[in-house]
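Below is one structure, written out as C-alpha cells; comments come after it.
Protein chains: 2
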Amino acid sequence: MKAELVFVGTELLLGEILNTNAQYLSEQLALLGIDVYYQQVVGDNYDRARAVFKQALERSDVVIASGGLGPTMDDITREVAAEVAGLPLELDRTIEAELRAWFARRGREMSENNARQALVPRGATVLPNDRGTAPGLILPASQGKAIILLPGPPIELRPMFERQVVPFLTARMGGAPLSLVTRTLRFIDIGESQLEDALKDLIASQGDPSIAPYAKTGEVHLRLATKAATSEEGLARIAPVEQAIRDRVGRHIYGTNNTSLEQAVGELLKERGLKATTAESCTGGLIAKRLTDVPGSSACFDFGFVTYSNDAKMKLLGVPAETLAQHGAVSEEVVAAMAAGALAAAGADVAVAVSGIAGPDGGTTEKPVGTVCIGLAAKDHITTRTLQLWGSRQDIRDRTATHALAMIRRYVLGHHV
Amino acid sequence: MKAELVFVGTELLLGEILNTNAQYLSEQLALLGIDVYYQQVVGDNYDRARAVFKQALERSDVVIASGGLGPTMDDITREVAAEVAGLPLELDRTIEAELRAWFARRGREMSENNARQALVPRGATVLPNDRGTAPGLILPASQGKAIILLPGPPIELRPMFERQVVPFLTARMGGAPLSLVTRTLRFIDIGESQLEDALKDLIASQGDPSIAPYAKTGEVHLRLATKAATSEEGLARIAPVEQAIRDRVGRHIYGTNNTSLEQAVGELLKERGLKATTAESCTGGLIAKRLTDVPGSSACFDFGFVTYSNDAKMKLLGVPAETLAQHGAVSEEVVAAMAAGALAAAGADVAVAVSGIAGPDGGTTEKPVGTVCIGLAAKDHITTRTLQLWGSRQDIRDRTATHALAMIRRYVLGHHV
Numbered sequence: 011m012k013a014e015l016v017f018v019g020t021e022l023l024l025g026e027i028l029n030t031n032a033q034y035l036s037e038q039l040a041l042l043g044i045d046v047y048y049q050q051v052v053g054d055n056y057d058r059a060r061a062v063f064k065q066a067l068e069r070s071d072v073v074i075a076s077g078g079l080g081p082t083m084d085d086i087t088r089e090v091a092a093e094v095a096g097l098p099l100e101l102d103r104t105i106e107a108e109l110r111a112w113f114a115r116r117g118r119e120m121s122e123n124n125a126r127q128a129l130v131p132r133g134a135t136v137l138p139n140d141r142g143t144a145p146g147l148i149l150p151a152s153q154g155k156a157i158i159l160l161p162g163p164p165i166e167l168r169p170m171f172e173r174q175v176v177p178f179l180t181a182r183m184g185g186a187p188l189s190l191v192t193r194t195l196r197f198i199d200i201g202e203s204q205l206e207d208a209l210k211d212l213i214a215s216q217g218d219p220s221i222a223p224y225a226k227t228g229e230v231h232l233r234l235a236t237k238a239a240t241s242e243e244g245l246a247r248i249a250p251v252e253q254a255i256r257d258r259v260g261r262h263i264y265g266t267n268n269t270s271l272e273q274a275v276g277e278l279l280k281e282r283g284l285k286a287t288t289a290e291s292c293t294g295g296l297i298a299k300r301l302t303d304v305p306g307s308s309a310c311f312d313f314g315f316v317t318y319s320n321d322a323k324m325k326l327l328g329v330p331a332e333t334l335a336q337h338g339a340v341s342e343e344v345v346a347a348m349a350a351g352a353l354a355a356a357g358a359d360v361a362v363a364v365s366g367i368a369g370p371d372g373g374t375t376e377k378p379v380g381t382v383c384i385g386l387a388a389k390d391h392i393t394t395r396t397l398q399l400w401g402s403r404q405d406i407r408d409r410t411a412t413h414a415l416a417m418i419r420r421y422v423l424g425h426h427v
Numbered sequence: 011m012k013a014e015l016v017f018v019g020t021e022l023l024l025g026e027i028l029n030t031n032a033q034y035l036s037e038q039l040a041l042l043g044i045d046v047y048y049q050q051v052v053g054d055n056y057d058r059a060r061a062v063f064k065q066a067l068e069r070s071d072v073v074i075a076s077g078g079l080g081p082t083m084d085d086i087t088r089e090v091a092a093e094v095a096g097l098p099l100e101l102d103r104t105i106e107a108e109l110r111a112w113f114a115r116r117g118r119e120m121s122e123n124n125a126r127q128a129l130v131p132r133g134a135t136v137l138p139n140d141r142g143t144a145p146g147l148i149l150p151a152s153q154g155k156a157i158i159l160l161p162g163p164p165i166e167l168r169p170m171f172e173r174q175v176v177p178f179l180t181a182r183m184g185g186a187p188l189s190l191v192t193r194t195l196r197f198i199d200i201g202e203s204q205l206e207d208a209l210k211d212l213i214a215s216q217g218d219p220s221i222a223p224y225a226k227t228g229e230v231h232l233r234l235a236t237k238a239a240t241s242e243e244g245l246a247r248i249a250p251v252e253q254a255i256r257d258r259v260g261r262h263i264y265g266t267n268n269t270s271l272e273q274a275v276g277e278l279l280k281e282r283g284l285k286a287t288t289a290e291s292c293t294g295g296l297i298a299k300r301l302t303d304v305p306g307s308s309a310c311f312d313f314g315f316v317t318y319s320n321d322a323k324m325k326l327l328g329v330p331a332e333t334l335a336q337h338g339a340v341s342e343e344v345v346a347a348m349a350a351g352a353l354a355a356a357g358a359d360v361a362v363a364v365s366g367i368a369g370p371d372g373g374t375t376e377k378p379v380g381t382v383c384i385g386l387a388a389k390d391h392i393t394t395r396t397l398q399l400w401g402s403r404q405d406i407r408d409r410t411a412t413h414a415l416a417m418i419r420r421y422v423l424g425h426h427v
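So the protein lines, in turn, are chains Y and Z. For the first sequence, our numbering gives the first residue as 11, with consecutive numbering after it. For the second sequence, our numbering gives the first residue as 11, with consecutive numbering after it.
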C-alpha cells in the first residue's frame with residue numbers, strides 16, 4: 011500500500027512551526043510496512059490545496075493529511091478533501107450538538123464558523139477527538155482509495171492516529187484490523203555496535219517482532235515492534251524475544267519504553283530504601299537536577315553539593331588542600347575525597363562526585379578537554395574512574411551526568427562499579 | 011518571486027530524521043519577502059525525484075533543494091536537477107583536485123563514487139562548502155529560472171544559504187545583491203502583550219527594519235530585520251530603531267542575538283566582580299546548572315546548595331526548625347533564611363534561594379502546584395517574592411530558574427528587586 015502525506019498550513023510555509031507531524035507519521039507508516047513516496051506542504055489556499063490533494067490521490071492509495079480542520083475561514087481542508095473525493099458535505103447533528111454543548115459549558119455562543127466543524131462529507135467516518143474540537147475524518151474515494159484528515163496539533167493527532175487510523179490502515183492492507191505494538195528496551199554501559207554484535211543473529215533473522223537499535227547520547231535503545239489485533243497479543247509475541255535479549259544483555263537494560271535513566275535510578279534507590287547525594291564540579295548541578303526531574307525524588311535525595319571552586323570543595327566537602335595541590339582538581343584522588351565528604355555531610359548511603367574539564371577552554375596536553383573523573387562512595391566502598399569524553403561543553407556535561415547515574419545504578423545492583 | 015522547496019532523502023520519508031531544513035529555509039525566505047507556496051519531500055528515486063523537480067520548476071521561479079548531493083549511488087539530486095534544467099554534467103577539475111587533496115590528507119584513496127561530487131552542470135555556479143565535501147550548486151534554467159542545490163546537513167546548509175544564496179536571491183529580485191541582516195533583542199520581566207503595547211506605534215508602522223516579537227518560555231524576543239548590501243549597512247539601519255526601543259523598554263533587554271539569560275547574568279556579575287551562590291529546593295540544581303552552562307562561569311560562581319529536604323535546609327543553610335515548622339518549606343520566611351544561609355556559607359556577594367511545589371503531586375488548596383517562593387540575599391538586603399506558575403513539572407522548574415536569574419540581574423543592576 012502506498013500512502014502520501016499532505017500538510018496544510020501557511021504557518022509551515024512561513025517557517026513559523028517545525029513540521030514534527032511529518033516525521034511522526036512517516037515513522038509510524040514505515041513501522042506498519044506502508045510505503046510513503048511523497049510528502050507535500052501547501053498553504054491555506056483553496057486552489058493550490060485542491061491541486062495537491064488531487065495529485066496525491068491519483069498516485070497513492072491513501073492520502074493522510076493534517077492541519078486546516080479548525081473553525082476559521084482559513085481552515086479549508088475539509089471542503090477541499092470533500093471536493094477531491096467527490097462527496098457533498100452534510101451537517102452532522104451529533105457533532106453539532108457536541109460542539110454546542112462544548113461552548114455552552116464555557117458560557118460562550120457558538121459562531122457560524124464553529125458550526126463548519128460539524129460538516130461531514132457523505133459516507134465519511136468521523137474520528138472523535140478527545141483533546142480538541144476538530145474531529146478527524148476518513149473519506150472514501152473512488153477505486154477503494156481514501157483520504158484521512160487529522161488535526162494539526164501533535165497532541166491531538168498522535169492518539170487519534172494510533173487508536174483510530176492504524177486499525178483502519180491494517181484492515182485495508184487485508185485481514186483483521188491490527189494495531190502496532192512496540193516495546194523499547196533502554197540500555198546503558200553498552201555501545202550500539204557491541205549490542206548489535208551480541209544480538210547479531212536475532213537482528214539478522216528480522217522476523218516478527220522487528221528489532222531496531224537507536225543510538226542516543228550515552229545510551230542505546232532497542233525497539234521491538236509487531237502488528238497485532240490487541241496490545242496483549244502483540245506483547246505476548248514480543249515477550250519471548252525480549253526474554254532472549256535479556257538472557258544475553260539484560261544487566262545493561264535499565265528500563266523500558268519511556269523510563270528515563272534518572273527514573274530508573276530513583277526507583278532502584280527507593281526500592282532499597284537508599285539515599286543518594288551528589289558532589290558536582292564540572293556538571294554544576296546537572297546530576298542533582300536530573301535526579302530531581304522525577305516526581306517523588308525526595309524519597310531518595312535530600313542534599314546536593316555544587317562545588318565549582320577548590321575553596322568550595324575544601325569547605326563543603328572537606329577535600330584536603332594537599333590533595334588538590336598535589337593531584338589537581340580533576341583527579342581520581344579529589345573525586346574520591348569529594349564523594350567521601352558528600353556522603354558524610356549528607357548522611358547518605360551513596361554519593362557520586364564528578365570533576366572534569368568541560369571546555370571549551372581549560373584543557374592541557376595531560377588533561378585535555380573532556381577529561382572527567384567520577385567517584386562513588388558508600389559506607390565501605392570508594393571507586394573512582396577517569397573518562398575521556400568528546401563533543402561540545404554541553405555534550406561533555408550531559409555524558410558525565412549519564413555516567414554518574416549509571417555508576418549509582420551499578421553500585422545499587424551490586425555490579426562491578 | 012516564488013520559490014519552492016524540495017527535500018530529497020528516503021530517510022525523511024521513513025521518519026528517521028526531522029526536517030529542520032524545511033522550517034529554516036521557509037523562515038529565511040519569508041524574511042526576504044519571497045513567497046513559498048509548496049514544499050515537497052521525495053526519496054532517493056530518480057524518476058520520482060525528476061517528476062518533483064519538473065513540477066516545481068514549472069510553477070515556481072526558483073527551486074531550492076537540499077539533500078542527495080553526497081558521493082553514494084543513492085545521491086541523485088545533482089543528476090536529476092541537471093536533467094530537468096537541460097544541462098550536461100561536466101567534470102570540474104578544480105573540485106576534483108580539491109577532493110583528491112581532501113582524501114590524500116586523510117591517507118585514503120578516492121573512489122570513483124567520490125569523483126561524482128566533482129561533476130558540475132554546464133553553466134552552474136559552484137557554492138564552496140567549508141564544512142563538508144559536497145559543494146552547493148546554482149543551475150540556470152529556461153525563462154530566467156534557477157535550481158539551487160544545497161547539502162542536507164544543517165551545519166553545512168545554513169552558512170551556505172546565508173553567505174552565498176541570499177545575495178544571489180536578492181540580486182534576482184532586482185538591484186544589487188543584498189544580505190539579510192537581523193538583530194534580536196531579548197527581554198525579561200515583561201510579557202509579550204505588554205511589550206507590544208509599549209511599541210505599538212513602532213510595530214504598526216512596520217517599515218524597514220521589520221519588527222517581530224516571539225514569546226519564549228519566561229522571555230520575549232524581538233527580531234529586527236532588514237536587507238542590505240553589507241552587514242554594516244543593515245546594522246546602521248537597525249540601530250536607530252533599536253535605540254527607540256531601548257529608550258522605552260531598555261531596562262528589560264538583557265541581551266542581544268544568541269546571548270542567553272545565564273550568559274548575561276554571568277557577564278554582569280563578572281563585570282562587577284561579584285560572586286553568586288544558589289540554594290535550591292524545587293529546582294534541584296537547575297539554577298546552578300544554568301549558571302555553569304556558560305564557559306568561564308567559575309569567575310562568578312563557586313558554591314551551590316541543593317537542599318531538597320528540610321533536614322538539608324537546616325544542616326547546610328541553617329534554616330531554623332521553627333521557621334520550617336511554622337511557615338512550611340514553601341514560604342517567604344524559609345527562602346529568606348535559605349538565601350541568608352547560603353550567602354554566609356559560600357561567602358558570596360549575592361545568593362538566590364527557591365522553594366516551591368513543582369508537582370504533579372504535593373499541592374494543597376492553600377499552596378497549589380506551581381506555588382514558588384524566591385528569595386535574594388546580599389550583604390544589607392533580603393527580598394522575597396511568591397509566584398504562581400503553571401504548566402508541567404518541567405515548565406514550573408524552568409520558569410522558576412528563569413525568575414531566579416532575572417532576580418539576580420535586577421539586583422546587580424540596582425533595579426527594584
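Just so you know, even glycine gets a beta-carbon here, dropped at the ideal spot from N, CA and C. Everything numeric in this text was worked out from a predicted model, so none of it was measured.
Cutoff 8 Å: residue i Cβ touching any chain Y Cβ
| i | result |
| --- | --- |
| glutamine 33/Z | yes |
| leucine 24/Z | yes |
| aspartate 199/Z | no |
| asparagine 29/Z | yes |
| threonine 381/Z | no |
| aspartate 312/Z | yes |
| leucine 195/Z | no |
Residue i - containing beta strand (DSSP E), residue span
| i | result |
| --- | --- |
| leucine 147/Z | 146-150 |
| leucine 28/Z | That residue, leucine 28/Z, is in no beta strand (DSSP E); it is neither H nor E in DSSP. |
| leucine 137/Y | 135-137 |
| arginine 193/Y | 189-197 |
| lysine 226/Y | 220-226 |
| serine 121/Z | Serine 121/Z -> no beta strand (DSSP E), and no H or E assigned at all. |
| arginine 395/Y | 391-398 |
Residue i to residue j span [Cα, whole Å]
| i | j | result |
| --- | --- | --- |
| glycine 276/Z | isoleucine 297/Z | 12 Å |
| threonine 87/Y | lysine 64/Y | 12 Å |
| proline 161/Z | alanine 32/Y | 20 Å |
| glycine 19/Y | aspartate 218/Z | 27 Å |
| leucine 188/Z | leucine 245/Z | 13 Å |
| isoleucine 406/Y | aspartate 312/Z | 20 Å |
| glutamine 216/Z | valine 73/Z | 29 Å |
| tyrosine 48/Y | isoleucine 367/Z | 47 Å |
Contact check, residue i vs residue j, beta carbons under 8 Å
| i | j | result |
| --- | --- | --- |
| alanine 361/Y | alanine 254/Y | no |
| glycine 78/Y | aspartate 71/Y | no |
| alanine 349/Y | glycine 314/Y | no |
| serine 365/Z | valine 345/Z | yes |
| aspartate 408/Z | glycine 265/Z | no |
| threonine 194/Y | histidine 231/Y | yes |
| histidine 413/Y | arginine 420/Y | no |
| tryptophan 112/Z | threonine 82/Z | no |
Opening and closing residue of the alpha helix (DSSP H) in which residue i lies
| i | result |
| --- | --- |
| isoleucine 384/Z | Run containing isoleucine 384/Z: none in the alpha helix (DSSP H); it sits in the beta strand (DSSP E), 381-388. |
| aspartate 321/Y | 320-327 |
| leucine 160/Z | That residue, leucine 160/Z, is in no alpha helix (DSSP H); its beta strand (DSSP E) goes 156-160. |
is_contact[residue i, chain Z] using C-beta, thresh 8 Å
| i | result |
| --- | --- |
| glutamine 49/Y | yes |
| lysine 155/Y | no |
| arginine 403/Y | yes |
| glutamate 37/Y | yes |
| lysine 299/Y | yes |
| leucine 296/Y | yes |
(message) When you compare the stretch 299-312 of chain Z with the stretch 368-383 of chain Z, are there three or more beta-carbon pairs, one atom per stretch, that lie closer than 8 Å?
(response) No, the stretch 299-312 of chain Z does not touch the stretch 368-383 of chain Z.
Stretch pair the stretch 137-154 of chain Z + the stretch 189-206 of chain Z: three plus CB contacts closer than 8 Å: No, the stretch 137-154 of chain Z is not in contact with the stretch 189-206 of chain Z.
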